[in-house]
Every structure is written in C-alpha cells, then in structure tokens.
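**Student:** Sending over a structure as structure tokens; questions will come in a sec.
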C-alpha cells in the first residue's frame with residue numbers, strides 16, 4: 103500500500119521524555135492474570151488480553167485458545183478462534199501469589215524486569231515498554247514493529263512476554279495514534295520507519311549495558327517499514343512475518359486474483375475482477391477526489407456476476423462497500439497517507455542486514471507467491487535473506503480450518519514458528535528444520 107518514497111537519511115532526534123522502572127514483574131496491562139507462567143511440567147504458557155472479556159492462552163509451540171470465565175471462577179478454553187471447546191480448564195490464584203493451574207498442571211508467573219517509557223518519535227510522543235529477562239547478563243533485544251492495526255501493541259502483543267522467557271529482551275510500543283501514543287494514525291512508511299528507529303534508540307538506552315544484538319520483528323505492514331528503517335539506520339537483524347516485497351496496490355490485485363482462482367473461476371472472471379481493481383486503484387491514487395464514475399460502471403456491470411462477491415483484496419473490498427459520498431468524506435482517513443505504489447525492491451536490493459522472512463503459503467490477505475519468488479531471487483544474488491514458507495498457513499502464519507461456506511477460521515501458529523524467530527534473533531541463523539516449513543537460504547550461506 104504505498105506510493106514511491108525517497109529514503110531519507112535524516113533521523114529524528116531521540117530522547118526519553120519519561121522512563122519509570124515500574125511493574126517490577128508482570129502486570130503489563132492492569133490485569134494481574136496476564137503474564138507468562140512456568141508450569142511444573144517444564145513448559146510455559148502465556149495468558150494475554152483480548153478486546154473483550156475473554157483471555158487468550160498461547161504456547162511457544164503455536165497452540166492457543168480463548169478463555170471464558172465460568173460462574174465457579176474457573177476459565178474454560180476453546181480451540182484457536184473456533185469457539186469449539188477443547189476440554190482445557192484454567193484456574194488463577196490471587197494476584198499476590200501469581201499461580202495458575204493450567205489444564206491440571208500448576209505453574210507460577212515468571213518475573214521480568216519491566217520498564218515503562220515515553221519517548222520522542224518523529225514529531226510525536228510514543229508509549230513504549232522494555233521487557234527483559236531477570237538478571238544482569240547481556241541479551242539480544244527485539245523491537246516489535248506493528249502492522250496496520252489500530253490496537254495498542256503494549257496491550258495485545260504476547261511476544262513482548264514470550265521472547266523474554268527465551269532469554270531475549272523485547273521492546274514494544276504503541277504506534278502513533280494508537281494506545282497511549284500521541285499523533286494521528288498514519289500509513290506513511292517513512293514516518294513509521296523513523297518511529298521504529300527511535301524505538302531502537304530508546305530500547306538501547308533503557309537496557310544500558312545489557313543490550314547485545316538488536317533488531318526488528320515486524321508483521322504484515324511492518325514488512326515495508328522494518329527494511330526501510332534498517333536501510334536508514336542499520337540494525338543486527340530483521341524478521342518479517344507475513345509481509346510483502348510488492349507494492350500495496352500489487353497486494354490488492356494479488357489477493358483478488360487468488361480469491362477468484364481459489365473459488366474456481368477462470369480467465370474471463372479474472373479479467374473483469376482486474377477491471378474492478380483498476381477502478382478502486384484510480385480512486386485511491388487520486389486521494390479520493392475522482393474516479394467514481396468508473397467504479398460505479400464496473401459495479402453496475404459486474405455486480406450480479408456469481409464471482410463478484412469474492413472480489414475482496416486488501417483495499418478494494420472497503421471501497422466497494424461504500425458510497426461515493428462516504429468515500430469522499432471517509433476515504434482519506436480510512437487509508438491515511440498510504441503510499442499505494444511504494445516499491446520495496448530498491449530498499450531490499452541494497453540492504454545488507456540479515457533478514458528472515460516467514461510466509462504463509464495460503465495467505466489470502468497478503469498472497470506470498472510473488473514475494474517468495476522475489477526474496478529467493480535476491481538470496482540467489484547473495485543478499486542475506488532466509489525465506490521460510492509454512493504450508494497451510496494464512497495471514498498471521500495461522501493454520502486454519504475451512505468452514506462449509508468456504509470461510510477460514512484460525513486454529514494456531516504452526517510448530518516451529520516461534521523457535522525459528524528465537525534462533526534467528528540469537529544467532530542470525532536458522533537451523534535445518536522447523537516443523538513443516540520449507541526454508542530457502544542465501545547463496546552466501
């Protein structure tokens with residue numbers, strides 16, 4: 103989703119506005135049940151927040167479930183996002199003891215060294231948090247870069263706790279215009295890259311002598327932001343999950359094409375669907391000032407075709423569902439400062455920071471085939487890029503079930519997903535095997 107932008111070299115001055123070494127341990131969101139627990143069987147389980155009254159548990163092997171509180175004080179679990187009971191029952195002790203009984207196995211909440219901070223990004227004040235393993239030893243630190251969501255990363259990112267249980271520090275921050283950060287929400291990748299660079303500086307400052315290797319872990323839209331930030335100011339590593347090496351407009355077209363194909367339609371329907379993609383792109387590129395007659399025409403021409411309901415994409419579906427008046431009024435705020443034609447390849451061709459790209463073979467939001475092809479071509483030229491592809495994984499690297507109506511419901515991350523990231527953060531390399539993933543290395547390895 104991007105317009106071509108120049109890589110700026112002036113980095114915003116970075117300084118801490120406030121930093122409190124609060125939350126001596128675990129209460130990262132105001133709910134004392136939230137945290138990562140070490141169980142008596144030697145495994146860990148993370149308990150995180152959701153947008154509603156539920157909680158969500160996650161394990162590092164990728165399994166997860168939603169927890170619902172029952173009248174007896176226990177919490178019952180459903181598999182993934184299916185809302186189907188999985189038989190697990192969870193009990194929490196009082197806040198002071200920090201104990202859990204997870205499916206019959208007792209455990210204790212893990213204590214971290216947590217520092218809350220507010221720091222200066224590119225003209226905004228950003229709210230961040232450094233979560234470190236207990237102790238004084240040097241550890242690698244990963245800065246978590248958000249996707250396009252509007253939620254608070256500090257409230258919802260489980261990786262801020264999961265990485266520290268593996269001996270890795272994590273710095274999480276609310277992107278501008280979300281959570282406790284100031285400014286307006288934007289999809290301007292250069293501004294977001296400057297904010298990410300500011301986050302690296304702040305993480306280093308707070309970690310003091312404990313900071314070892316430091317780099318980015320970025321999901322989805324962050325796959326455009328992290329390489330750009332690292333080109334402006336290099337880091338030790340980049341991990342991109344379910345991101346793209348094509349433009350946002352290309353993402354939209356590829357997603358539409360994938361949906362038309364997977365629902366069994368051929369070349370004729372594809373050509374007509376691309377007319378719709380061209381019409382929505384024209385509106386977007388005009389900053390919502392013109393192109394509405396063209397969109398109305400294709401909507402009238404094809405709206406009753408059986409394939410029309412499958413024209414979704416990453417952008418087009420939103421425009422199709424709104425009137426001209428709504429788009430003129432709300433469009434610029436729907437995708438603020440989106441550089442729709444941004445080409446990430448010049449940055450990737452000239453970036454020497456080691457990268458791990460993790461893709462889902464069945465990603466319908468950000469189809470991965472062309473991105474995989476481009477990344478493997480760069481790796482063949484000697485760029486330090488490792489590409490890992492998980493089969494049967496959709497956006498978010500989530501495995502899924504397919505319902506009778508053809509829609510998908512997420513069940514878990516594949517086994518090996520977390521371990522792959524952990525190993526790359528620690529060493530800049532990955533092992534030979536991680537679950538069902540296919541791994542493609544650089545020619546320099």
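Residue numbers (the numbering used here): 103 to 547.
Just so it is clear, CB atoms sit at the ideal spot from N, CA and C, and this is done for glycine as well.
#1: Would the beta-carbon of residue 313 be found less than 7 Å away from any heavy atom of the ligand ZN?
#2: Find the nearest neighbour of residue 132 within the set 225, 348, 199, 257, judged by alpha-carbon distance.
#3: Residue 367 and residue 91 - do their beta-carbons sit closer together than 8 Å?
#4: Does the Cβ of residue 252 have 16 or more other Cβ atoms within 10 Å, making it buried, or fewer, making it exposed?
#5: Determine the closest residue to residue 175 out of 202, 181, 186, with distance taken between C-alpha atoms.
#6: On the criterion of 16 or more Cβ atoms from any shown chain inside 10 Å, does residue 124 qualify as buried, or is it exposed?
#7: Residues in the same chain with beta-carbon distance under 6 Å from residue 195, minus the five sequence neighbours each way, listed in chain order, please.
#8: Decide if residue 111 is buried, meaning its Cβ has at least 16 other Cβ atoms within 10 Å, or exposed.
#9: Looking at the secondary structure, which residues open and close the alpha helix (DSSP H) in which residue 376 lies?
#10: Is it true that the region 375 to 393 meets the region 472 to 479, where meeting means three or more beta-carbon pairs spaced less than 8 Å apart?
#11: Going by DSSP, what residue range makes up the alpha helix (DSSP H) through residue 344?
#12: Just tell me which of 298, 147, 369, 292 has its CA closest to the CA of residue 276.
#13: Return the chain-ordered list of same chain residues with a C-beta closer than 6 Å to the C-beta of residue 126, the five sequence neighbours on each side being excluded.
#14: Can you give the Cα-Cα distance for residue 395 and residue 430, rounded to whole angstroms?
#15: Hey, would you say residue 467 sits closer than 8 Å to residue 412, going by beta carbons?
#16: Quick one: which unbroken beta strand (DSSP E) runs of 3-plus residues sit fully inside the region 176 to 252? Chain order, please.
#17: Could you give the DSSP three-state label for residue 323: helix, strand or coil?
#18: Start and end of the alpha helix (DSSP H) containing residue 548?
#19: Leaving out five residues on either side along the sequence, give the residues of the same chain with a beta carbon under 8 Å from the beta carbon of residue 508.
#20: Starting from residue 262, trace the alpha helix (DSSP H) in both directions and tell me its first and last residue.
#21: Does the region 274 to 294 come close enough to the region 420 to 430 to have 3 or more Cβ pairs within less than 8 Å?
#22: With DSSP as the reference, label residue 505 as helix, strand or coil.
#23: Tell me whether residue 531 sits in a helix, a strand or coil according to DSSP, three-state version.
#24: Does the region 257 to 271 come within contact of the region 331 to 347, defined as at least 3 CB pairs closer than 8 Å?
#25: Counting only runs of 3+ residues fully inside the region 426 to 489, write out the beta strand (DSSP E) ranges in chain order.
#26: Just to confirm the assignment, what range does the alpha helix (DSSP H) spanning residue 363 have?
#27: Considering only residues of the same chain and omitting the five flanking positions on each side of residue 414, which have a CB-CB separation below 7 Å?
#28: Would you list the one or two residues that DSSP bridges to residue 281?
#29: What do you reckon, are the CB atoms on residue 159 and residue 170 nearer than 8 Å?
#30: Following the continuous beta strand (DSSP E) through residue 146, name the residue where it begins and the one where it ends.
#31: Helix, strand or coil for residue 418 per DSSP?
#32: In whole angstroms, give me the CA-to-CA distance for residue 455 and residue 543.
#33: Between residue 246 and residue 319, which are expected to be in contact by the criterion C-beta below 8 Å, what is the C-beta distance as a whole number of angstroms?
#34: For my contact list, residue 266 and residue 316 are in at a C-beta cut-off of 8 Å; report their separation, rounded to the angstrom.
#35: Measuring CB to CB, does residue 140 end up less than 8 Å from residue 209?
#36: Report the three-state DSSP secondary structure of residue 143 (helix, strand or coil).
**Tutor:** This is what the structure gives:
#1: As for the ligand ZN, it is missing from this structure, which has no ligand bound.
#2: 257
#3: Nothing about residue 91 can be read from this structure; the chain reaches only from 103 to 547.
#4: exposed
#5: 202
#6: Residue placement at residue 124 is flagged as unreliable, the pLDDT there being 36, under the threshold of 50; a coordinate-derived value is accordingly withheld.
#7: Once the five neighbours on either side are set aside, the close Cβ partners of residue 195 are 201.
#8: Low per-residue confidence applies at residue 111: pLDDT is 29, beneath 50, and the placement is therefore not dependable, though the value from the model is reported in the following sentence. Under this definition residue 111 is an exposed residue.
#9: 369 to 387
#10: no
#11: Neither: residue 344 is in no alpha helix (DSSP H) and is coded neither H nor E.
#12: Here the closest residue by C-alpha is 298.
#13: In this prediction, residue 126 has a pLDDT of 33, which is less than 50 and means its spatial position is unreliable; nothing more can be read from the coordinates.
#14: For residue 395 and residue 430, the distance between alpha carbons rounds to 13 Å.
#15: no
#16: 177 to 181, 187 to 194, 201 to 204, 207 to 211, 214 to 222, 227 to 235, 241 to 247
#17: coil
#18: Given a span of 103 to 547 for the chain in the structure shown, any question on residue 548 remains unanswerable.
#19: 365
#20: 261 to 267
#21: no
#22: Three-state result, residue 505: coil.
#23: If DSSP states are grouped into helix, strand and coil, residue 531 belongs with coil.
#24: With a cut-off of 8 Å, the region 331 to 347 and the region 257 to 271 do not count as touching, because too few Cβ pairs lie within range.
#25: 457 to 462
#26: 350 to 364
#27: 357, 358, 361
#28: According to DSSP, which records beta bridges pairwise, residue 281 is partnered with nothing at all.
#29: no
#30: For residue 146, the uninterrupted beta strand (DSSP E) run begins and ends at 146 to 151, by DSSP.
#31: In this structure, residue 418 counts as helix in the three-state DSSP scheme.
#32: 14 Å
#33: 5 Å
#34: At roughly 14 Å, the Cβ-Cβ gap does not stay under 8 Å, so residue 266 and residue 316 are not in contact.
#35: yes
#36: coil
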